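This report refers to the structure that appears directly beneath it.
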Amino acid sequence: MNIVTFLDNTVTTCVKRPVNFLFNNPITSLVKGPVNLLINNPVASIVKKPFSSLIEDPVSTIVNNPVTNLFTKRTKIPEDLSSVTTIKPGEVDPSEIDMAKSDVDAIWGCVEDLYRTGISPGIVFTLRRKGKVVINRGIGHSHGNGPGDPKDAEKILITPDTPICQFSASKAVTAMLIHLLVERKEIDLLDPVCQYIPEFGAHGKENTSIYHIISHHGGIPSPPPNTDPELLFQPDELVKLLCNLKPKSQGGRRQAYHAITGGAILGEIIKRVTGKSIRDFLNETIREPLNLRYFNFGVKDEDLDKVAKSYSTGLPLFFPISSLTEKALSAPFDEVVRVSNDPRFLQTIIPAGNLVATSDEMSQFFQLLLNGGELNGKRIFNPLTIKRAVMESDIIKFDGTMVIPMRYSAGMMLGASPFGMWGPFSNNAFGHIGFINIFCWADPDREISVSLQTIGKSLIGGHLLTISKLLTYIGWYCKGSDIPDDIKDVYSSYIAPMRNILQKSLLAW
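Residues are numbered in my numbering as their position in the sequence shown, beginning at 1, plus a constant of 1.
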């Protein structure tokens with residue numbers, strides 16, 4: 002069976018089975034007559050069609066139905082997608098990198114499907130394979146066509162050259178600057194943080210190491226509750242707050258994603274060791290040598306209006322998801338989106354979350370790592386530094402902040418098998434996500450470096466299924482010889498777990 006057909010049809014199939022089981026088994030047969038009377042009457046017919054649609058086409062029904070449409074914030078999608086699509090010159094013939102045109106079309110088709118959900122006003126997608134650009138395209142708008150924009154607002158197309166805030170994908174860059182200092186023997190990851198920031202050792206943090214912080218085991222996953230968001234614009238005050246913070250656990254004891262705190266401490270270490278801001282250090286070590294246009298923390302005054310706007314989209318968050326999200330982000334979801342469009346946010350230095358770069362620049366960065374530290378003839382890192390940066394720091398385990406199983410290295414989010422952050426059979430892949438659906442990664446098994454940039458910020462909704470499908474398609478069409486090609490392997494790793502979740506949800510309902 003064709004993998005594409007299989008993936009497209011399985012969700013429908015796996016929903017049908019539990020429904021048939023509910024209505025066709027010995028127990029229900031005993032009361033089938035009365036049940037039919039309840040089901041087949043004028044009142045029941047009013048709700049029968051929507052329920053049938055859920056069975057026949059669950060994805061479309063979840064994404065597009067009167068109830069979700071009423072509460073979902075979406076962008077307006079034109080009928081002709083080519084009118085809002087920009088393809089940057091330089092895409093190679095797929096045959097040069099052992100792919101077919103149909104493979105590329107299938108992957109880009111998934112990106113178009115993601116745009117059609119209306120969750121992101123603009124998307125930019127860059128895919129390199131074997132070091133060559135396969136896809137480098139934008140679809141939608143960077144400004145003017147999002148929820149809340151006036152009808153007469155100027156609509157600006159998003160393109161592969163549009164600078165976009167990377168949010169937490171910035172952490173991968175900050176981590177590599179720390180690894181560069183290790184390479185230069187200016188620091189050691191096993192050194193306690195207080196060796197470089199003496200005041201950090203307060204309240205029992207004297208044995209918390211740089212390694213603990215960079216691998217999300219530092220014991221200070223978030224600032225105290227009700228911390229003023231304005232501290233984001235006062236880096237020195239934020240560091241002072243974290244130094245005086247009592248840890249929630251001893252360094253190394255508990256894995257919990259450090260959304261803001263870890264980057265602030267790592268940035269301060271860079272500042273105290275080099276005597277330069279992380280912005281200046283990044284500029285001289287990576288941005289200038291690789292001749293990147295943006296790729297730094299914050300932007301200059303003249304570039305401020307070019308940065309794509311972030312939009313709050315999708316379904317509203319309710320308890321307990323809203324509470325968990327606020328805990329992870331240290332602020333309510335919509336407040337984070339609002340602050341991210343504040344000019345101060347885009348011009349200050351936030352090592353954990355305000356790197357501004359184009360999609361292609363992020364793909365180039367991960368290609369640099371995939372190449373062992375060299376790109377376009379420029380050596381930035383030693384190969385050993387890259388190996389150190391992507392080595393697993395702990396087994397996959399439940400993350401105390403993100404409330405999902407996570408697998409980290411010293412600075413990267415790692416893939417997993419049979420299914421992980423970067424798709425099926427991605428055990429050797431590494432990268433970082435950014436708030437909320439930005440995905441940047443490299444996969445040595447597939448020889449790819451990928452950047453998926455979305456400016457719509459939505460945590461829950463039908464778009465998540467489309468993103469999962471996109472990750473699966475990328476993994477499938479770019480698979481190497483070591484990647485399993487048995488359809489049963491893909492089924493057992495990806496589709497079967499989804500089917501089980503849907504079955505349990507429907508039975509509970």
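For each residue, glycine too, the CB sits at the ideal point set by N, CA and C.
If you're wondering where the values come from, they're calculated on a predicted model, not measured in any experiment.
Residue state for isoleucine 434 is assigned as strand, using DSSP reduced to three classes. Beta-bridge analysis with DSSP links lysine 131 to no other residue.
Not a single unbroken stretch of the beta strand (DSSP E) spanning 3 or more residues falls wholly within the segment 358-421.
For the pair of segments examined, the segment 167-174 was found not to touch the segment 142-154: the number of CB pairs separated by less than 8 Å stays below three. DSSP places threonine 455 inside the beta strand (DSSP E), whose first and last residues are 449-455. Between the segment 395-410 and the segment 126-145, the count of C-beta pairs closer than 8 Å stays below three; the two stretches do not touch.
In the DSSP annotation of this structure, the continuous segment of the beta strand (DSSP E) that includes threonine 87 starts and ends at 86-88.
The C-alpha of aspartate 114 is placed about 35 Å away from the C-alpha of threonine 349.
The residue among Trp109, Ile78 and Arg339 with its C-alpha nearest the C-alpha of lysine 156 is Ile78.
Inter-residue distance for threonine 455 and glycine 123 is about 6 Å (C-alpha atoms, whole angstroms).
C-alpha of glutamine 167 to C-alpha of glutamine 196: approximately 30 Å in a straight line. In the assembly as shown, glycine 476 is a buried residue. Its beta-carbon has 16 or more other beta-carbons within 10 Å. Taking all protein chains in view, the Cβ of arginine 273 is surrounded by fewer than 16 other Cβ atoms within 10 Å, so the residue is classified as exposed. The three-state secondary structure of asparagine 137, taken from DSSP, is strand. By the beta-carbon neighbour count (other beta carbons within 10 angstroms, threshold 16), methionine 392 is exposed. Following the DSSP letters along the chain, one finds aspartate 444 inside the beta strand (DSSP E) bounded by residues 439-444.
For the options Asn342, Asp343 and Thr314, the alpha carbon positioned closest to that of lysine 74 is the one of Thr314. In this structure the segment 253-261 lies against the segment 215-224, because at least three pairs of beta carbons, one per stretch, are closer than 8 Å. Boundaries for lysine 480: no alpha helix (DSSP H) harbours it, and the DSSP string shows neither H nor E there. Under the 10 Å beta carbon count, histidine 433 is surrounded by 16 or more other beta carbons and is classified as buried. Per DSSP, reduced to three states, the secondary structure at histidine 180 is helical.
By the beta-carbon neighbour count (other beta carbons within 10 angstroms, threshold 16), proline 90 is exposed.
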